[in-house]
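Okay, structure first, notes after.
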Amino acid sequence: MNTFLAQRLPEPLPAEPLALARDWLAEATAQDTQPNPNAMVLATVAADGSPSSRVLLAKDIVLPAGYLVLYTNYESRKATDIAANPRVAALFHWDRLHRQVRIEGRMLRSPAAESDAYFQSRAWQSRLGAWASAQSRTVASRAALIEALRATARRFNTPPVGPDAADDAPATPNVAVPRPPHWGGYRLWAEAVELWVEGEYRIHDRARWVRTLAPVAGGESFSATPWRVERLQP
């Protein structure tokens, strides 16, 4: 029998699901079975009810509060959707580990200081890209996008990037590229979490945890009820 298929969800089920989800993410990272084990699908809904989804990277699962951290352009399509409807859904799937995590919840922007700190941890080329790209908007050509990147490099007095980049350009030059106001983090506060383990003959192991969130004064976080859990049929 496949070792992974012999695994099951714990019995009894844990009172809190995201600690186990974080353990699964750590294991997927350690196993190195796919290039981006922290990749997840994020689904949003626009003001007119149109759904959309995309793959992005989750940067952290924060306990005990119970939220995921991700970063993006605040003027992108996903951010426009979130501004209209902060309820979103996320999905991790680790095919070789035979596991899946589904999360439904509400988005809040991360504190500015948190976004500043993460932005400075990024490669300087990626920081330039955050300034140069008007994410999700049309562009006349690839050449126009590269020229915007070149112009951003000149603005911040960095080594050239794109086709102009020298092979011997320093990996971490001493350049200051601040976080643009249109870029930063989100916290996805979980209201529902489903953990899934593949089973033989499609008798999968599934459980769903739910809780109720209430906004805290100031609108920067939520308070939450204890999790309620139930097993689901496959």
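Under the working numbering, residue 465 is the last one in the sequence shown; the count climbs by one each step, no gaps.
Using N, Cα and C, we set each Cβ at its ideal position, and we do this for glycine too.
Using three-state DSSP, classify Glu-345 as helix, strand or coil.
Looking at Glu-345 - three-state DSSP - the assignment turns out to be helix.
DSSP three-state label for Ser-352, please.
Here Ser-352 sits in helix by DSSP.
Below 8 angstroms on the Cβ atoms is my contact criterion, and I expect Val-428 with Trp-440 to pass it. Report the Cβ-Cβ distance as a whole number of Å.
15 angstroms between Cβ atoms; not a contact.
Suppose the cutoff is 7 angstroms on Cβ atoms and the five residues either side in sequence are ignored; what does the same chain contact list for Ala-270 look like?
Closer than 7 angstroms at the Cβ level, and outside the excluded window around Ala-270, lie Val-286, Leu-288.
Can you tell me whether Gly-415 is buried or exposed, with buried defined as 16 or more other CB within 10 angstroms of its CB?
Label assigned to Gly-415: buried.
Return yes when the Cβ of Ala-379 is within less than 7 angstroms of the Cβ of Ala-361, no when it is not.
Cβ atoms of Ala-361 and Ala-379: not closer than 7 angstroms.
Measuring straight from C-alpha to C-alpha, what distance separates Gly-430 and Arg-330?
Those two C-alpha atoms are separated by around 10 angstroms.
Assuming Arg-337 contacts Trp-420 under a Cβ cut-off of 8 angstroms, what Cβ separation, rounded to an integer in Å, is found between them?
Indeed they touch by this definition, with Cβ atoms about 5 angstroms apart.
Are the Cβ atoms of Asp-312 and Val-300 separated by less than 7 angstroms?
No, they are not a contact pair.
Taking Tyr-302 as the reference, which of Ile-434, Arg-318, Ala-348, Ala-252 has the closest Cα?
Checking every option, the nearest Cα to that of Tyr-302 belongs to Ala-348.
What is the residue span of the alpha helix (DSSP H) that Ile-313 lies within?
Unbroken alpha helix (DSSP H) run through Ile-313: 308 to 315.
Assuming Ile-334 and Ala-320 make a contact with CB atoms under 8 angstroms, what is their CB distance in whole Å?
Contact flag correct, Cβ pair sits at about 7 angstroms.
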